[in-house]
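Trainee: Can you read through this structure? Questions will come right after.
2 protein chains.
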Amino acid sequence: MSYKAPVKDMLFNIEHLANIAEIAKIPGFEDAGLDTAQAVLEEAAKFNEGVLDPLNREGDINPSSWKDGVVTATKGFKEAFKLFTEGGWQGLQHPVDFGGQGLPKTIGSVCGEMQNSANLSFALCPLLSDGAIEALLTAGSDELKATYLENLVSGKWTGTMNLTEPQAGSDLAMVRSRAEPLPDGTYKVFGTKIFITWGEHDMAENIVHLVLARVQGAPEGVKGISLFVVPKFMVNKDGSLGARNDVHCVSIEHKMGIKASPTAVLQYGDHGGAIGYLVGQENRGLEYMFIMMNAARYGVGVQGIAIAERAYQKAVQFSKDRVQSRPVDGSIAASAPIIHHPDVKRMLMTMRSYIEGCRALASVAASAYDAAHHHPDAQVRKDNQTFYEFMVPLVKGYSTEMSLEVTSLAVQVHGGMGFIEETGVAQYYRDAKILTIYEGTTAIQANDLVGRKTSRDGGATGKALAAQIEATEAELAKSGTPHALAMAKRLKAAREAFVDVVNFVAGNTKASPNAVFAGSVPYLMLTGNLMAGWQMARSLLVAQEQLAAGNDAAFMQAKITTARFYADHHLAKIPGTRDSIVEGAECVTALALESF
Amino acid sequence: MSYKAPVKDMLFNIEHLANIAEIAKIPGFEDAGLDTAQAVLEEAAKFNEGVLDPLNREGDINPSSWKDGVVTATKGFKEAFKLFTEGGWQGLQHPVDFGGQGLPKTIGSVCGEMQNSANLSFALCPLLSDGAIEALLTAGSDELKATYLENLVSGKWTGTMNLTEPQAGSDLAMVRSRAEPLPDGTYKVFGTKIFITWGEHDMAENIVHLVLARVQGAPEGVKGISLFVVPKFMVNKDGSLGARNDVHCVSIEHKMGIKASPTAVLQYGDHGGAIGYLVGQENRGLEYMFIMMNAARYGVGVQGIAIAERAYQKAVQFSKDRVQSRPVDGSIAASAPIIHHPDVKRMLMTMRSYIEGCRALASVAASAYDAAHHHPDAQVRKDNQTFYEFMVPLVKGYSTEMSLEVTSLAVQVHGGMGFIEETGVAQYYRDAKILTIYEGTTAIQANDLVGRKTSRDGGATGKALAAQIEATEAELAKSGTPHALAMAKRLKAAREAFVDVVNFVAGNTKASPNAVFAGSVPYLMLTGNLMAGWQMARSLLVAQEQLAAGNDAAFMQAKITTARFYADHHLAKIPGTRDSIVEGAECVTALALESF
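Which chain is which? The protein sequence lines are G and S, in order. First residue of the first sequence? That's 1 in the UniProt record's numbering, and the numbers climb one at a time after it. First residue of the second sequence? That's 1 in the UniProt record's numbering, and the numbers climb one at a time after it.
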């Protein structure tokens, strides 16, 4: 199969939901209007369809390989990465000062979706570099910035995030890697890091590891963790590469999916200590790492959308090709392509509506990010930051969980052929399963939503969002079409259920933490479902207007149908989920441990 | 990990839900009471835990292999199969007349669960033999029975089902394999069959293929399909093996899971024609094949329960071992095993409640099967047959769909370790995905539920079941405990939603087939959910009584908690699903084909 970037849907979101015209009024983004978005997306589509997509299956069959500490990427990846950097794709969203293109995330994030649809394993490498760049931009000294940023932004070097250790996964308080200060202000870093994505490879000249470690004498727990830059090769004053640093890849993992992306075990300091450079201040490492993680979490959410889109396209293609059985309505008097069967349509519509809802949500969140970081008005920045931060765990958690269902349905559409590896769709099912785990499992996202995003402000952000949704309901009612009214009905029930849950969460987190956290993931799923559904409701209104104006009737009609499907098949689940959370906590934690 | 058969839960179902005491009153089953069940289950547990379980991962790493038409099973499988046959496990449910043990399905089916938990790939081989045996018992001539049954029942030979061809998967009307009658009453069979599970291997002396093909001049479509026995080796009059028949394995598939079970492409008649023996009458092949398929569909449903159980056990074990983060309720002032985190408990309870619900449903269905086939009273047989036939698509469809969610959650509990193949849980995620596909996809099960099981009798069976559920609600209300009342509330809402859907399905299948089939799989999921939940409600009542009687308090308390969890977290979904089916059909089929 060949992947075809859904440029039209992306531009619909960028124009009508993410309001790129408003983003383009922000100083620095004057050239980043709809025309630019369109030009960039079309170029990105060409690159990702033409260069990255053809390598996707090859990477699954012939994963990156390790020999004597050296990791060789799947054949073709190194050349593709060269083209990627030459095209300036790594620097798309990064500052012009360091050689980037300075485009808003509103545009950049959909290019990320295309990269991940075309080749999830490949796209992880730039995704991690993005995180390293953000961390250095925010907390790095001028010297660190000067030494590393330009080459990271160009893609000449790549970046990694080193958090996990064998005993420290979600629980970073247990990080044991240590850093000894040296007289010259640098540190010697020691320890073992695992699950380091693209932690070693041959696609770039240097690898810039961002590493969590404890400085000697630091406090216990997460307040004693610092962040260090540890380059694979030392960098000389003139920017040329010097000696090999004491960080070595001792093995890579044998994984169920994303096989082309090497997942490294990195050993720091086995030969005297790896030279590291402190980022920001000592003991504030977790705070900085969260900068990377928030960027990466959003990025992983986009990966969920991306793999789902790829799986959907393959399922559509198969269902139009595969001839099997007569349609139940007698419309064709012979065996027909299976897309004529209602259940195949149901599966495709389920996939499509999930994807469009999550994409719309991610697009709106990206636009909030741009306003939060660049708008001249402080209050506008603050409001958008609040909105964005509320959406990050949803984009990450909901989009990745839905990608499990979508990739499963894609296999299902293929029937027995789907289970045969040569068909290719099984890869997406295997690849997707990591997305609900890395950069914080769905439960970790849910903790974030419950704790930082809901309890901390007593549910105020949630209730403000509910008020905005209510306004959309009013617009739907005003429109008065059957589809708009059906959407309004589901949206209202979902929004009311959401408010119940927000009150339950905000009111009980301190007094009954077990009851609240028993429903944390269902709360995340409910909220992600609602927020994506809300964007589909807004889309429905826009599409009705566009249709009335005679614009692109087929697309707008499809958008309306898809939005209505979202309402009746996804939003309809929300009241039941509310009951499970608000009335069903007791039996989640009641079973005696020895009874499991 | 090592699998531990859940004998206690199985016996609870057999005793209290499947009413083995009633089964043991049926002539022929006099010795098949609870004591026998317990003895057989304990022996089965020993065999499956000790012999099949240790080979499970080996089969994933070193699948069965093909060379020059010969398939060699994973090392150790042949020896294990010998022990399996020596133990008499193949013949457990089969007639004493042919060397079987003549035990009821009520006992046999849970032994099947154990086999499949221990080793899904291995257990497929006897599962297919069971189907072949059932077909021959029902439709085979005395000569065919005499020639084949004893060796199939003993496991000296194995059986296969040959339906699928490249162009004919779900659509058997498109079968092209053909059979030429020979003067001696035998046939020459020609054609290509694909996806033939254990279609070639070295574990047994002979393989008895049951093959769908068209006799020359037969009508088009499914009414022109006949069923043939085609042995791998011809069988001489004295029962010894003769010449190799003209059926050859030209390749086996490279699959995402169940790798140890060879999935064969079989070529019939490339060297002059494979000798075949007609089963029953010409052109009635599909009818006979449905006998095999109904046995196999129930069996695949049990596979769903089995793989889910294995995955659950592994997740429990990991969550008790893996130490990470402090409990949110402050009950432990240090990092604790992750089972102390509410969301981990939620995942485990989700898995556990699904499994127990589906196991209970399968157990009740098995008991109905026994009564339907062996009860002396014709009306009792008929009623039980109706009940059993309604349950088969649910056992198959719902149990396998739930196994996808459960195996996914099992990976999720393991975090990053779950994605590493060496951990082992990823295998269950990969293995499970075939279960919603083979022996009829979930959509095919749903078609059966809609067409044969609901529309045909105008919803009468469904509504009779609803009346029985209402009686259980009354018992719950009478019990009056908080858990019973909470269960009654959810069960009532679910049952009312079910009746709405039954009326919708029965009332619209002919007039609006697209609308009904748009909701066919949601209808199946809703109904499976309800029927399993009903059994959990019955279990709750039994457990309350047992608890009051002072029997096995820990087990009964756990059963009550699990039933309550089922109510609040699974049954609670049903009203939303009703809305999607009854009010959400329009947009399933509305999108123009070119818009996909």
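We put the beta carbon where it would ideally sit given N, CA and C, even for glycine.
Is DSSP giving residue 244 of chain S helix, strand or coil here?
Mentor: strand
Trainee: Who does residue 65 of chain S pair with in a DSSP beta bridge?
Mentor: S/72
Trainee: Compare the C-beta of residue 63 of chain G against all C-beta atoms of chain S and say whether one is closer than 8 Å.
Mentor: no
Trainee: Quick check on residue 16 of chain S: buried or exposed, where buried means 16 or more other Cβ atoms within 10 Å of its Cβ?
Mentor: buried
Trainee: Looking at the structure shown, is residue 104 of chain S part of a helix, part of a strand, or coil, going by DSSP?
Mentor: Residue 104 of chain S: coil per DSSP, three-state reduction.
Trainee: With respect to the beta strand (DSSP E) encompassing residue 491 of chain S, which residues constitute its N-terminal and C-terminal limits?
Mentor: Note, residue 491 of chain S: premise wrong, no beta strand (DSSP E); alpha helix (DSSP H) at 482-508.
Trainee: Residue 463 of chain G lies in the alpha helix (DSSP H); which residues open and close that run?
Mentor: 460-479
Trainee: Under 8 Å, do residue 406 of chain G and residue 260 of chain G count as touching if we go by C-beta distance?
Mentor: No; because the gap between Cβ atoms is not below 8 Å, this pair is not in contact.
Trainee: Which chain S residues are close to residue 316 of chain G, counting only those with a beta carbon under 9 Å from its beta carbon?
Mentor: 596
Trainee: Since residue 561 of chain G meets chain S, which of its residues come closer than 7 Å, beta carbon to beta carbon?
Mentor: Going along chain S in sequence order, the residues near residue 561 of chain G (Cβ under 7 Å) are 587, 590 and 591.
Trainee: Where do the ends of the beta strand (DSSP E) carrying residue 196 of chain S lie?
Mentor: 187-197
Trainee: Does the stretch 94-110 of chain G come within contact of the stretch 52-60 of chain G, defined as at least 3 CB pairs closer than 8 Å?
Mentor: Cβ pair count under 8 Å is below three, so no.
Trainee: So does the stretch 31-38 of chain G actually touch the stretch 100-110 of chain G, counting three or more Cβ pairs closer than 8 Å?
Mentor: yes
Trainee: Helix, strand or coil for residue 54 of chain G, going by three-state DSSP, please let me know.
Mentor: helix
Trainee: Which residue from G/479, G/87 and G/319 puts its Cα closest to that of residue 340 of chain G?
Mentor: G/319
Trainee: For residue 179 of chain S, which of helix, strand or coil comes out of DSSP?
Mentor: Secondary structure at residue 179 of chain S: strand, using DSSP grouped into helix, strand and coil.
Trainee: Use the C-beta contact count for residue 240 of chain G: other C-beta atoms within 10 angstroms, 16 or more gives buried, fewer gives exposed.
Mentor: Exposed is the call here.
Trainee: When DSSP labels each residue in this structure, what does residue 557 of chain S get in the three-state scheme?
Mentor: Of the three classes helix, strand and coil, the one that applies to residue 557 of chain S here is helix, per DSSP.
Trainee: Which runs of the alpha helix (DSSP H) fall wholly inside the stretch 562-589 of chain S and span at least 4 residues, in chain order?
Mentor: Counting whole runs of 4 or more residues, the stretch 562-589 of chain S contains the alpha helix (DSSP H) stretches 574-583.
Trainee: Determine, using beta carbons only, whether residue 517 of chain G comes closer than 8 Å to chain S.
Mentor: yes
Trainee: For residue 226 of chain G, which residues does DSSP report across the bridge?
Mentor: G/213
Trainee: Determine whether the beta carbon atoms of residue 192 of chain S and residue 366 of chain S lie at a separation below 8 Å.
Mentor: no
Trainee: Rounded to whole angstroms, what is the Cα-Cα separation between residue 507 of chain G and residue 451 of chain G?
Mentor: 12 Å
Trainee: Where DSSP assigns a beta bridge to residue 165 of chain G, which residues make up the other side?
Mentor: G/168
Trainee: Three Cβ pairs or more, each shorter than 8 Å: is that satisfied between the stretch 570-581 of chain S and the stretch 574-590 of chain G?
Mentor: yes
Trainee: If we cut at 8 Å on Cβ distances, does residue 219 of chain G have a partner in chain S?
Mentor: no
Trainee: Out of G/127, G/169, G/8 and G/153, point me to the one whose CA is closest to residue 418 of chain S's CA.
Mentor: G/169
Trainee: Measuring CA to CA, which of S/533, S/425 and S/388 is closest to residue 294 of chain S?
Mentor: When each option's Cα is compared against that of residue 294 of chain S, the closest is S/388.
Trainee: Hey, does residue 421 of chain S have any beta-carbon neighbour from chain G nearer than 8 Å?
Mentor: yes
Trainee: Just how far apart, CA to CA, sit residue 469 of chain S and residue 498 of chain S?
Mentor: 11 Å
Trainee: Spell out the partners DSSP gives residue 278 of chain G in its beta bridges.
Mentor: G/228
Trainee: Just to confirm the assignment, what range does the alpha helix (DSSP H) spanning residue 380 of chain G have?
Mentor: 378-413
Trainee: Give the straight-line distance between the Cα atoms of residue 423 of chain S and residue 77 of chain G, rounded to the nearest whole angstrom.
Mentor: 28 Å
Trainee: Could you check what DSSP says for residue 354 of chain S in three-state terms: helix, strand or coil?
Mentor: helix
Trainee: Quick one: which residues of the stretch 346-357 of chain S get their C-beta closer than 7 Å to a C-beta of chain G? List them in chain order.
Mentor: Hits within the stretch, in order: 346, 348 and 349.
Trainee: For the stretch 387-417 of chain S, list every residue whose C-beta sits within 7 Å of some C-beta in chain G, in sequence order.
Mentor: 404, 408, 411, 412, 415 and 416
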